[in-house]
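One structure is given below, encoded as structure tokens.
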Amino acid sequence: MNVTTNDLWSAIRAIREKAPVVHNITNYVVMNSTANALLALGASPVMAHAEEEVEEMVGIASALVINIGTLSPTWVRAMFRAAEAARAKKIPIVLDPVGAGATSYRTKTARELIRAVPPEIIRGNASEIMAILDAGARTKGVDSAASSDSAVAIGRELHTECGAAICISGETDYVIGKTGVVKVRNGHIMMTRVTGLGCTATALCGAFAAVNPDPAAAAAEAMAVMGIAGEIGAARSEGPGSLQLHFLDALYRLSADDIDRYLKIE
Amino acid sequence: MNVTTNDLWSAIRAIREKAPVVHNITNYVVMNSTANALLALGASPVMAHAEEEVEEMVGIASALVINIGTLSPTWVRAMFRAAEAARAKKIPIVLDPVGAGATSYRTKTARELIRAVPPEIIRGNASEIMAILDAGARTKGVDSAASSDSAVAIGRELHTECGAAICISGETDYVIGKTGVVKVRNGHIMMTRVTGLGCTATALCGAFAAVNPDPAAAAAEAMAVMGIAGEIGAARSEGPGSLQLHFLDALYRLSADDIDRYLKIE
Amino acid sequence: MNVTTNDLWSAIRAIREKAPVVHNITNYVVMNSTANALLALGASPVMAHAEEEVEEMVGIASALVINIGTLSPTWVRAMFRAAEAARAKKIPIVLDPVGAGATSYRTKTARELIRAVPPEIIRGNASEIMAILDAGARTKGVDSAASSDSAVAIGRELHTECGAAICISGETDYVIGKTGVVKVRNGHIMMTRVTGLGCTATALCGAFAAVNPDPAAAAAEAMAVMGIAGEIGAARSEGPGSLQLHFLDALYRLSADDIDRYLKIE
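Residue numbers (our numbering), protein chains in the order written: chain A, 16 to 281; chain B, 16 to 281; chain C, 16 to 281.
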């Protein structure tokens, strides 16, 4: 698998033209920031979590993003119902197992979702990806206790087991799909000081999956766009506060030229 | 009905002097950004949604804003209880039927609220306003699938039926009240790329309704202030990220002079 | 008690080096902004509220922050369970009684938490602190109806009664501990126009308490850092929108030199 500047630019243009509806069942912390990132990219976010309406909302969506960052039983039930509707409708599901490994409730929920309603893409940090297969993985809350490199082997195993494209974010982002592993080397260290940029990456995976039928390519495109917008934003920022806004501005203004200049993918 | 520069400036000064408490039962996505907009304007926002306390919280409020953007059964029950308390206390109720038409749960909830506890102001985009009366209206998640112009006729009908001032936001904002229709032509296209600015408009309707006994005039004032702050903010912004902050700064700094220069109302 | 530039700088360095996990059960309005403030300071925030996991999450945390800003029965139950786990593990608990006095549900919940699971630090505005002891205290929603000075006497009483360091924020911040009262005179009036900066102060109390065994000193350090970052941020801001980001940038960049120049503590 390979993602070229042209591929990425075509995907961005498709999102801007179609404005695909991305249905998010996500955590309270990032609802605002991920909705803003989806809008800045050109997608049309919708947030809905009530069991009374998630299936119907999936009906107007082109992708479903499930993020377990602040889960509770009613929300988990809605996640399952929405995911079943998404599978029936054959729209892509993206799962963010936030904090898997930090509590058994999160690990268990992530595993059950993967088993019952297999997602097209799973995006997490190294600790989270490892925790899904390995009960003994260490974690530090919602931040990773391991580098992304150390999770590639287990990411491959997880891909083999569940079929999803596995995206492990870190200094280097790895995307493991049917045709192998892609590395994305974009991004900036200051991004780790803005809450929820991992969740934003997951939401953008949803937008790209809505226009690209290859889940691994969609995930790689999302990670590249995240990293490039982060680099452009960080260069103009004095800290994580200003990075938040410059990141969104960069997403909004992203040009073929920016991609050509910044893209580091292999 | 007419809203002059003087009317609008008087209303803003009244909000800044009285700092009216605006009680919001709103969606998770916009709680932070609408609270910040209310504070920047000079009002005092409070968020409370527990059935255990909403009636008491209404007791210290000067307006109640109900927004169904991320509804669920317990929240809907609290909305009804708060609205009944607001009617008993005779403070204005503003309703934002976010996503009406997107799911039947939202359409039904909006209709039931309007019937059982008629609001003074209903603010929505064209799709949402149409969906309240017309089961066949098209929508696209929480974004409108129609222009505001196309919803004016149905907005008049809705006004006749329920008595509320109907505010339809879009490129031109329409406010339909007892004495006719007001058009507000302020605003900037970049505002559609910031999540929840429609919800912010609704929250500001609450602040203006707290100091202005004429609901239609209050809604027109809120839309004008939104649009003017949006234009001032957008002129200084490179994208929707920076627009968020420049919009709040503009709201905070808004002067009689700004209003005089920017107001486009008829 | 006294907090010197050196003490404060050592505490900040300890937070940046250890990145303590601060577990927050907080309100919907501020989850994003408080997580960002903790990250900017150097701590590692985690938000979790499900009864199914709060005890386990406390197990990986170095401090627990409880904020009743948008409470409801299931959340209150989780607060008690988390606080009991925190006491068993002997990590500090910080309580923010948001809106105590505004509704009896909030006042009652704050009192019960203080009685059943005594926190190390209670931080609130004057109205909230007074409402905990005095059923007749006036409040205005979540904003204070009284100056911090007027609450010092009742703050001392509350300290005597429950043993917690009592932090009363306002134009002057007061921290009442075993060895007396500390006054912090940093801060900027524009901070009152940004939602949730009081909640952010509480969250930072958690970060400082995670590295400083003296709760009153930790609270004074948090208030000083809030105020200094607020002053630096406000000097660069044209309104509360830009203050949000400059505040975070200032937290992130805070140097020994800044502290030396700005600290006003006695």
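Where a beta carbon is used, it is the ideal one built from N, C-alpha and C, also for glycine.
Of all alpha-carbon atoms in 251/B, 236/B, 255/B, 254/B, the one lying nearest the alpha-carbon of residue 21/B is that of 236/B. Per DSSP, the continuous beta strand (DSSP E) segment holding residue 38/A begins and ends at 36 to 40. Using a CB distance below 9 Å, the part of the region 45 to 62 of chain A facing chain C consists of 45, 46, 47, 48, ordered along the chain. Residue pairing of residue 198/B in beta bridges, as defined by DSSP: 189/B. In this structure, residue 124/B sits away from residue 163/B, with a CB-CB distance that is not shorter than 8 Å. Excluding sequence positions up to five before and after residue 104/A, its CB lies within less than 8 Å of the CB of 73, 74, all in the same chain and listed in chain order. Interface flag for residue 264/C against chain A is set, since a Cβ pair is found closer than 8 Å. Where residue 138/A is concerned, the enclosing beta strand (DSSP E) starts and stops at 136 to 140.
Nearest to residue 246/C by C-alpha distance, out of 218/C, 204/C, 268/C, 215/C, is 204/C. Within chain C, 61 have C-beta atoms less than 7 Å from the C-beta of residue 157/A, given in sequence order.
For residue 260/B, the C-beta contacts it makes with chain C under 7 Å involve 256, 257, 259, 260, in order along the chain.
Bridge pairing for residue 264/C: absent [DSSP].
Boundaries of the alpha helix (DSSP H) around residue 219/B: 212 to 226. Identification of chain A residues near residue 200/C by a Cβ-Cβ cut-off of 9 Å yields none; the smallest Cβ-Cβ distance measures about 24 Å.
Sixteen is the threshold: when 16 or more other Cβ atoms of the shown chains lie within 10 Å of the Cβ of residue 184/A, as they do, the residue is buried.
Residues of the region 165 to 186 of chain B with a C-beta atom less than 9 Å from some C-beta of chain C do not occur.
Out of 57/C, 255/C, 95/C, the CA that lies nearest to the CA of residue 64/C is found in 95/C.
In this chain, the alpha helix (DSSP H) harbouring residue 272/C covers 271 to 277. Near chain C, meaning a CB-to-CB distance below 8 Å, the residues of the region 112 to 137 of chain A are 114, 117, 118, 119, 120, 121. In this structure, the straight-line span from the alpha carbon of residue 208/A to that of residue 93/A is close to 30 Å.
In the structure shown, residue 17/B adopts coil according to DSSP, grouped into three states.
Below the 9 Å Cβ cutoff, chain A contributes 205, 208, 253, 254, 255, 256 as neighbours of residue 267/C, in chain order. For residue 209/B, no alpha helix (DSSP H) segment is defined, and its DSSP state is neither H nor E.
Annotation note: the region 153 to 184 of chain A contains the following uninterrupted alpha helix (DSSP H) runs of length 4 or greater, listed N- to C-terminal: 167 to 177. Look at residue 86/B: its C-beta is under 8 Å from a C-beta on chain A. In the DSSP assignment, residue 108/B falls outside any alpha helix (DSSP H) and within the unbroken beta strand (DSSP E) covering 108 to 111. Assignment of beta-bridge partners to residue 115/C by DSSP yields 118/C.
Shown here for residue 30/A: same chain residues with a beta carbon closer than 8 Å to its own, the five before and five after excluded, namely 56, 57, 58, 222, 223, 225, 226 in chain order.
Within the same chain, 60 come within 6 Å of residue 50/B by CB-CB distance, once the 5 residues on both sides are set aside. Nearest to residue 182/A by alpha-carbon distance, out of 144/A, 159/A, 211/A, is 144/A. Fewer than three Cβ pairs drawn from the region 103 to 117 of chain A and the region 247 to 260 of chain A lie within less than 8 Å of each other, which leaves the two stretches out of contact. Using a CB distance cut-off of 8 Å, residue 68/B counts as an interface residue toward chain C. For residue 86/B, no beta strand (DSSP E) segment is defined, and its DSSP state is neither H nor E. Restricting attention to 53/A, 47/A, 46/A, 43/A, the CA atom closest to the CA of residue 35/A is found in 53/A.
For residue 205/C, there is no enclosing alpha helix (DSSP H), as DSSP gives it neither H nor E.
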